[in-house]
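Take a look at the structure below.
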Amino acid sequence: MSLIIESNSAKQTEEIGQKLATILEPGDIIALTGELGAGKTVLTKGIARGLEVKETITSPTFTIIREYQGRLPLFHFDVYRIEAPQLEELGYEDYFFSDGVSIIEWSERISDKLPKNYLEVAIDYGSKENERKLDFIAHGKWEKRIWQLEKMF
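Numbering-wise (UniProt numbering), the sequence shown opens with residue 1 and increments by one.
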């Protein structure tokens, strides 16, 4: 199942993330895809705000993962520059199967490592400069949960 939500600004994309955070549970995985500058980190900032993270969220491009504390722990991955062996060295499964929320930017690069239960968010550019189309694609148990998000929009 899929749900498409359109955003007219970075602020609105962040607000969508904040609403998504209200339904997140321990162990949830959010797999983000989209071109450079599409809004993956902007959406993550909103999710972090919704999880009551106080720190400033930045893309973990060179650090690969950043950890934040909030209502639930937040593990923010950027796997653009990573190869499978490096992912193994990070102990990614310890994060994916923990009591936190894992958000993975460029998740298509590690799709074979994703568990069966995750929410994919494909972010595409709209026809205007700040417009974005967010396609929420449910995998596994998210098939039964995506309606919670649908009710908000």
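C-beta atoms are modelled at their ideal positions from N, C-alpha and C, and glycine is treated no differently. Source: prediction; values computed, not measured.
{"Check": "Sufficient close CB pairs (3 or more, under 8 Å) joining the stretch 96-112 to the stretch 125-140", "Outcome": "no"}
{"Check": "CA-to-CA distance, valine 121 to isoleucine 4, given in whole angstroms", "Outcome": "9 Å"}
{"Check": "Reference lysine 113, options Gln86, Leu24 and Glu14, closest by Cα", "Outcome": "Gln86"}
{"Check": "Contact check, isoleucine 65 vs phenylalanine 75, beta carbons under 8 Å", "Outcome": "yes"}
{"Check": "Minimum C-alpha distance to residue 181 - residue among Ile57, Leu32, Ser9 and Lys141", "Outcome": "No answer is possible for residue 181: it lies beyond the span of the chain, which begins at 1 and ends at 153."}
{"Check": "Endpoints, alpha helix (DSSP H) assigned at aspartate 94", "Outcome": "92-96"}
{"Check": "Per-residue DSSP class, three states only, for glutamate 143", "Outcome": "helix"}
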